[in-house]
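**Student:** I am attaching a structure below and will ask some questions about it afterwards.
Number of protein chains: 2
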Amino acid sequence: MSNSEAVLELTPVNEAPCCPPLTKQPLTADQAASMAPMLKALADPVRLRLLSLVAAHADGEACVCNLNDAFDLSQPTISHHLKVLHGAGLLDREKRGTWVYYRVRSEALANVATLLGGAA
Amino acid sequence: MSNSEAVLELTPVNEAPCCPPLTKQPLTADQAASMAPMLKALADPVRLRLLSLVAAHADGEACVCNLNDAFDLSQPTISHHLKVLHGAGLLDREKRGTWVYYRVRSEALANVATLLGGAA
DNA sequence: CATTTGGATCGACAGCCGTCAATATAGATA
DNA sequence: TATCTATATTGACGGCTGTCGATCCAAATG
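Protein sequences appear in the order of chains A and B. Numbering follows this note's numbering, with no gaps: position 95 of the first sequence is 209. Numbering follows this note's numbering, with no gaps: position 83 of the second sequence is 197.
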């Protein structure tokens with residue numbers, strides 16, 4: 115399994131600007147289907163806090179080691195939630211030396227906000 | 115922002131403005147717990163479309179009879195999704211005569227957008 | 001009253017989700 | 001090489017969720 119390389123990242127994930135505010139005109143089934151997974155990733159209190167911790171962290175990035183301590187959850191559980199956020203395109207992941215750093219993909223977040231909020 | 119839009123409101127329902135943008139400072143566990151249910155309600159393609167259909171409808175309200183036809187789902191399923199949106203505080207429900215009308219609770223939606231988006 | 005109609009509720013089922021302990025992997029260090 | 005440390009993966013478990021058919025309720029109408 116070890117793909118001796120490249121395990122390091124290049125997250126693709128659909129980055130369509132997608133979707134005007136949902137109050138403007140009815141979403142198509144496709145638009146809804148493309149946005150729901152991102153909202154699903156956000157729809158958990160632990161993941162909301164994780165995202166917030168990363169976003170509000172100095173330099174806009176945070177090491178997993180910093181994140182684990184903020185919760186009363188096991189390390190695998192935090193790792194799982196980070197994977198979900200990463201998979202949804204909301205977090206970027208970078209390994210530097212021993213540690214792994216996450217960073218908020220702010221365009222993705224802004225996309226969701228626009229969908230719900232109207233303005234930006 | 116302490117002014118209230120009071121004219122429209124009589125409903126209790128904890129409507130805390132809640133939560134500055136999550137990019138500004140780390141959410142507390144309580145803040146995250148209070149926002150997650152709303153995001154959970156939004157995190158489904160059918161519910162996203164339902165909300166959008168209601169919001170984009172003339173007069174800002176829509177009758178269930180209009181909504182059922184937009185989906186290939188059973189009437190109980192649509193009813194269930196509307197209940198979820200209503201329970202999350204995203205839709206208002208009003209029965210007039212034979213029909214039931216739903217209306218978007220735009221402050222609730224704006225709250226979520228602010229949480230994610232930063233600006234308003 | 002009985003009938004019809006719009007909508008909600010109930011009960012069941014399959015699939016997904018959050019969590020954990022155990023284990024694996026990759027770097028760094030000795 | 002062996003070993004420690006930081007994260008990720010695996011496998012399992014209970015609980016939640018989306019969907020349906022069947023049923024119930026309430027309002028309108030005969």
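All C-beta atoms, glycine included, are put in the ideal place defined by N, C-alpha and C. The structure displayed is predicted, hence computed values, not measured ones.
Hey, how far is the Cα of residue 189/A from the Cα of residue 172/B?
**Tutor:** In the first sequence, the residue the question calls residue 189/A occupies position 75. In the second sequence, the residue the question calls residue 172/B occupies position 58. Straight-line Cα distance between these residues: approximately 50 Å.
**Student:** Comparing alpha-carbon positions, which option in 148/B, 224/B, 207/B lies nearest residue 216/B?
**Tutor:** Counting from one through the second sequence, the residue named residue 216/B turns up at place 102. Answer by Cα proximity: 207/B.
**Student:** Looking at C-alpha atoms only, which residue of 177/B, 135/B, 229/B is the closest neighbour of residue 209/B?
**Tutor:** In the second sequence, counting from the first residue as 1, residue 209/B sits at position 95. The shortest Cα separation from residue 209/B among 177/B, 135/B, 229/B belongs to 177/B.
**Student:** Compute the Euclidean distance between the alpha carbons of residue 219/A and residue 175/A, then round it to the nearest angstrom.
**Tutor:** Along the first sequence, read from residue 1 onward, the residue named residue 219/A stands at position 105. Along the first sequence, read from residue 1 onward, the residue named residue 175/A stands at position 61. Between residue 219/A and residue 175/A, the C-alpha separation is close to 10 Å.
**Student:** Is any heavy atom of the ligand HEM found at a distance shorter than 7 Å from the C-beta of residue 132/A?
**Tutor:** Of the ligands one can find in the structure shown there are none, so the ligand HEM has no counterpart to examine.
**Student:** Compare the C-beta of residue 166/B against all C-beta atoms of chain A and say whether one is closer than 8 Å.
**Tutor:** Reading the second sequence from its first residue, position 52 is the one you call residue 166/B. Chain A, which has a Cβ nearer than 8 Å to the Cβ of residue 166/B, makes this yes.
**Student:** Put residue 155/A into one of helix, strand or coil per three-state DSSP.
**Tutor:** By 1-based counting over the first sequence, the position of residue 155/A is 41. Residue 155/A carries a helical assignment under DSSP once its states are collapsed to helix, strand and coil.
**Student:** So residue 163/A packs on residue 199/A, CB below 8 Å; how close in whole Å?
**Tutor:** In the first sequence, counting from the first residue as 1, residue 163/A sits at position 49. In the first sequence, counting from the first residue as 1, residue 199/A sits at position 85. With 8 Å as the limit, residue 163/A and residue 199/A do not qualify as a contact, their Cβ atoms being about 11 Å apart.
**Student:** Please report the distance separating the alpha-carbon of residue 132/A from that of residue 157/B.
**Tutor:** In the first sequence, residue 132/A corresponds to position 18, counting from 1. In the second sequence, residue 157/B corresponds to position 43, counting from 1. Computed Cα separation, rounded: 16 Å.
**Student:** Reducing DSSP to helix, strand and coil, say where residue 226/A ends up.
**Tutor:** Within the first sequence, the letter at position 112 stands for residue 226/A. If DSSP states are grouped into helix, strand and coil, residue 226/A belongs with the helices.
**Student:** Is the Cβ of residue 178/B closer than 8 Å to any Cβ of chain A?
**Tutor:** Looking up residue 178/B in the second sequence gives position 64. Answer no: the Cβ-Cβ gap between residue 178/B and chain A never drops below 8 Å.
**Student:** Step through the CB atoms of chain B and report whether any lies within less than 8 Å of the CB of residue 156/A.
**Tutor:** Against the first sequence, residue 156/A aligns to sequence position 42. Taking 8 Å as the threshold, the shortest C-beta distance from residue 156/A to chain B falls below it.
**Student:** Please look up how many angstroms separate the CB atoms of residue 226/B and residue 205/A, rounded, as I've assumed it's under 8 Å.
**Tutor:** Along the second sequence, read from residue 1 onward, the residue named residue 226/B stands at position 112. Along the first sequence, read from residue 1 onward, the residue named residue 205/A stands at position 91. No, residue 226/B and residue 205/A are not in contact; Cβ-Cβ is about 19 Å, not under 8 Å.
**Student:** Are the beta-carbon atoms of residue 155/B and residue 167/B separated by less than 8 Å?
**Tutor:** As a first step, residue 155/B is located in the second sequence; it is residue number 41 there, counting from the start. As a first step, residue 167/B is located in the second sequence; it is residue number 53 there, counting from the start. Against a cut-off of 8 Å, the Cβ pair of residue 167/B and residue 155/B comes out as no contact.
**Student:** Can you check DSSP and say which residues form a bridge with residue 175/B?
**Tutor:** In the second sequence, residue 175/B corresponds to position 61, counting from 1. DSSP, once it has assigned bridges, lists 217/B as partnering residue 175/B.
**Student:** Return the CA-CA distance between residue 214/A and residue 214/B, expressed in angstroms with no decimal places.
**Tutor:** Within the first sequence, numbered from 1, the residue matching residue 214/A stands at position 100. Within the second sequence, numbered from 1, the residue matching residue 214/B stands at position 100. Whole-angstrom Cα-Cα distance: 52 Å.
**Student:** Residue 147/A and residue 159/B: beta carbons closer than 8 Å?
**Tutor:** On the first sequence, residue 147/A is found 33 positions in, with the first residue counted as 1. On the second sequence, residue 159/B is found 45 positions in, with the first residue counted as 1. Yes; because the gap between Cβ atoms is below 8 Å, this pair is in contact.
**Student:** Tell me which residue opens and which closes the beta strand (DSSP E) that residue 138/A is part of.
**Tutor:** For the purposes of this step, residue 138/A is identified with residue 24 of the first sequence, where counting begins at 1. Careful: residue 138/A lies outside any beta strand (DSSP E) and carries neither H nor E.
**Student:** Please list, in chain order, the chain B residues whose beta carbon lies closer than 7 Å to that of residue 198/A.
**Tutor:** Here residue 198/A is taken as the residue at index 84 of the first sequence, counted from 1. Listed along chain B is no residue with a C-beta nearer than 7 Å to that of residue 198/A; the closest approach is about 12 Å.
**Student:** Helix or strand or just coil, what does DSSP make of residue 204/A?
**Tutor:** Start at 1 with the first residue of the first sequence, and residue 204/A comes out as number 90. Here residue 204/A carries a coil assignment [DSSP, helix/strand/coil].
**Student:** Cα separation between residue 192/B and residue 165/B?
**Tutor:** Within the second sequence, residue 192/B is the residue found at index 78, counting from 1. Within the second sequence, residue 165/B is the residue found at index 51, counting from 1. Approximately 12 Å between the Cα atoms of the pair.
**Student:** Using beta carbons (cut-off 8 Å, strictly below), is residue 226/B in contact with chain A?
**Tutor:** Translated into the one-based positions of the second sequence, residue 226/B becomes position 112. Closer than 8 Å: yes.
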